[in-house]
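Residue numbers (the numbering used here), protein chains in the order written: chain Z, 4 to 301; chain X, 4 to 301.
There are 2 protein chains.
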Amino acid sequence: MKITELGEFGLIERFRKAIKLDASVIKGTGDDCAVIRFTKDKYLLFTCDMIVEGVDFRRKENPYLVGRKAIAVSISDIAACAGIPRYCLVSMALQKKEKVEFVDRLFKGMQDICHKYKINLVGGDLSRCDKLTIDVSMLGEVEKKYLALRSAARPKDIIFVTGTLGGTIQGKHLRFTPRLKEARFLAKNFKVHAMTDISDGLIQDLRHILKESKTGAIIYQGLIPQSAQARGLNDALSSGEDFELLFTLSRYDANRLIRRKLEIFKPVGEITRKSYGLKIVDEKGREKPVTVDGFRHF
Amino acid sequence: MKITELGEFGLIERFRKAIKLDASVIKGTGDDCAVIRFTKDKYLLFTCDMIVEGVDFRRKENPYLVGRKAIAVSISDIAACAGIPRYCLVSMALQKKEKVEFVDRLFKGMQDICHKYKINLVGGDLSRCDKLTIDVSMLGEVEKKYLALRSAARPKDIIFVTGTLGGTIQGKHLRFTPRLKEARFLAKNFKVHAMTDISDGLIQDLRHILKESKTGAIIYQGLIPQSAQARGLNDALSSGEDFELLFTLSRYDANRLIRRKLEIFKPVGEITRKSYGLKIVDEKGREKPVTVDGFRHF
């Protein structure tokens, strides 16, 4: 059997079942970060993200932005758990014939974003490959009371997203700002139930929340904030690498957030019982099953 | 300028100079692990190692052993700092046409070695590449009093290695046992000065200790423990991926260790003042400059 038959998430699920963890692990595979016991008040967050030339970026892209992206995707994972990024390592496989100038710009992109977010770039590893490959592992910390996982959505929660969705291939996937500030604002002012970042598309990442929380959801087509670059609704629902936040709040907290009139946070639907499944309501009020998917590596 | 002109270590040095770190980082780039402030008595160790098909292993190797190696090299880094490995993440880029059975065996190799060393495999990331690429990031911990860095060698220290060196390409590079037990034994019973693991060859890794410790060294050719697979002295001096420990002890502690008559620890030379450089003494007592190098990715 080929891995394409199992699919990316089938493969992950296959591994996940076989893994045994000790009591110091609060959360292993299955969320944006692993969560590890740390101090009396805080957890450690631990995450990694690999980007490969020809898959996650093209050879002709600006190497500064590629380096920046390699770090930014992990910051987005830490943000999705409402934490603060602190340390990272960078493993890179480079072409033997690569120019120093190219690597310098790649590195400058990493360094600048680390500096901006006060992240310590504490080391790494180098190897060789025809396709430029960068894997960043990041350590962060989060106050226990702020930790937001995918598994905490409850029926009647209101579902929100930040920013606008779709068309990221036009450039946002290389230039996005990880929603760290917004995630911390939410954690400090509301009781965030479930949260994740949109890396595989709204629908697919919402499915991760529904699966982990054992719930269903209803999404309102008319409420989906489409970016100027989105090629229609389906693109906004399924476009990978938006790196926006997708989160749920109780109705009480949802009302408090909406009353703040902050344009960046938009309600898009509601969590339901699991048996409801996932449905979308069109602009004429008709309920439809969801037919779009998101990004998968295989 | 191409990166081959600068070389792997030239490139690392170039990055290292540009990095700024906060006070919570005890040691950044330049050792086997990054060392981070943690509890009153312990430091966190953080390391990553990337292995790529065609560079660090061949396609035809047993995937179980490739998975095992991906984890073992990071355990060796933690051991080189005298720490205990605790958590790891695995990023993998797979071929789209890869078979599930292949990935299962790869994963089983990872899982079994994690289980053996009580390491929690807490997550990972998947991407696509024509060359199988695995990057493992690992977190460990070490008692402050046991931490061993490359920078702590002192003139008159005796230099030791564990096991035998050379010929690892015959199979040891895939089957080696990380010297965790030995490193912990040393840390608990002696004051280890400098320590590193031999991943790039004895001479090259010794040069890292000399550079970080600002010292020189003299090595005795007749004392180098060659493995049965080694193709002569130069191979034992320069063969990458032995994953043995290279460490220094004061003369007092060296005598205590030698008196224990433990076959695995062998003295091979002595630390000198920096101005002495690095020299090797042949079996007739003649001093020679060192002409061999070790493994470099570019």
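C-beta atoms are modelled at their ideal positions from N, C-alpha and C, and glycine is treated no differently. Everything numeric in this text was worked out from a predicted model, so none of it was measured.
- Closest in alpha carbon position to Arg187 (chain X), among X:Val284, X:Ser216, X:Pro88, X:Glu273, is X:Pro88.
- Interface annotation for the segment 127 to 142 of chain X against chain Z: Gly127, Asp128, Leu129, Ser130, Arg131, Cys132, Asp133, Lys134, Thr136, Asp138, Ser140, Leu142, criterion Cβ-Cβ distance under 8 Å.
- For secondary structure counted as the beta strand (DSSP E) over 3 or more consecutive residues, the segment 82 to 123 of chain X holds these complete runs in sequence order: 87 to 97.
- The three-state reading of DSSP puts Asp52 (chain Z) in strand, counting E and B together.
- Taking 9 Å as the threshold, the shortest C-beta distance from Asp296 (chain X) to chain Z does not fall below it.
- The beta-carbon of Leu24 (chain X) is placed less than 9 Å from the nearest beta-carbon of chain Z.
- Taking a C-beta distance under 9 Å as the contact criterion, Met53 (chain Z) and Val139 (chain Z) qualify as a contact pair.
- Exposed is the label assigned to Asp25 (chain X), since fewer than 16 other Cβ atoms lie within 10 Å of its Cβ.
- If you keep only unbroken alpha helix (DSSP H) runs of at least 4 residues inside the segment 174 to 235 of chain X, you get 175 to 178, 183 to 192, 205 to 216.
- Contact annotation: Val58 (chain X) and Cys84 (chain Z) have beta-carbon atoms that are not nearer than 9 Å.
- Under the Cβ criterion of 9 Å, Met4 (chain X) is counted among the residues facing chain Z.
- When the beta-carbon positions are compared, Ile283 (chain Z) and Glu290 (chain Z) come within less than 9 Å of each other.
- For Arg40 (chain Z), the uninterrupted beta strand (DSSP E) segment begins and ends at 37 to 40.
- Close partners of Asp52 (chain Z) in chain X (Cβ separation under 8 Å): Ser94, Asp128.
- The Cβ of Val284 (chain Z) sits no closer than 9 Å to any Cβ of chain X.
- Boundaries of the alpha helix (DSSP H) around Ile6 (chain X): 6 to 21.
- One finds Ile22, Lys23, Leu24, Asp25, Ser27, Val28, Gly31, Ala37, Ile39 in chain Z with Cβ atoms closer than 9 Å to the Cβ of Asn123 (chain X), taken in chain order.
- Between Ala155 (chain X) and His196 (chain X), the C-beta spacing is below 9 Å.
- Residue-level contact check: Glu16 (chain Z) does not touch chain X, since none of the beta carbons of chain X fall below 9 Å from its beta carbon.
- Just so you know, the alpha carbons of Arg62 (chain X) and Lys134 (chain X) end up roughly 9 Å apart.
- Between Lys191 (chain Z) and Tyr255 (chain Z), the C-beta gap is not smaller than 9 Å, which leaves the two residues out of contact.
- With three or more CB-CB distances shorter than 8 Å, the segment 198 to 212 of chain Z counts as touching the segment 73 to 81 of chain Z.
- Runs of alpha helix (DSSP H) with 4 or more residues, each lying fully within the segment 232 to 285 of chain X, are found at 236 to 241, 254 to 262, listed in chain order.
- Between the segment 264 to 273 of chain Z and the segment 220 to 234 of chain Z, the count of Cβ pairs shorter than 8 Å is three or higher; the stretches touch.
- Using a Cβ-Cβ distance cut-off of 8 Å, the segment 164 to 171 of chain Z and the segment 119 to 126 of chain Z are not in contact, since fewer than three pairs of beta carbons, one from each stretch, lie closer than that value.
- Ala21 (chain X) counts as exposed, since fewer than 16 other beta carbons sit within 10 angstroms of its beta carbon.
- Here the segment 30 to 48 of chain X does not lie against the segment 98 to 106 of chain X, with fewer than 3 beta-carbon pairs under 8 Å apart.
- For Thr7 (chain Z), at least one C-beta of chain X is nearer than 9 Å to its own C-beta.
- According to DSSP, residue pairing for Arg131 (chain Z) in a beta bridge involves Z:Leu97.
- When only Cα atoms are considered, Ile81 (chain X) and Phe49 (chain X) end up about 8 Å apart.
- Cβ contact annotation for Phe12 (chain Z) (same chain, cutoff 8 Å, sequence separation greater than five): Arg299, in chain order.
- Contact with chain X is found for Glu104 (chain Z), since one of that chain's Cβ atoms lies less than 9 Å from the residue's Cβ.
- Taking 9 Å as the cut-off, the beta carbon of Gly169 (chain X) is found closer than this to the beta carbon of Ala239 (chain X).
- Neighbours of Phe49 (chain X) in chain Z, taken as residues whose beta carbon is under 7 Å from its own, are Tyr90, Leu92, Val125, Leu142 in chain order.
- Ranked by Cα distance from Lys30 (chain X), the options Z:Ala37, Z:Leu92, Z:Met4 are led by Z:Leu92.
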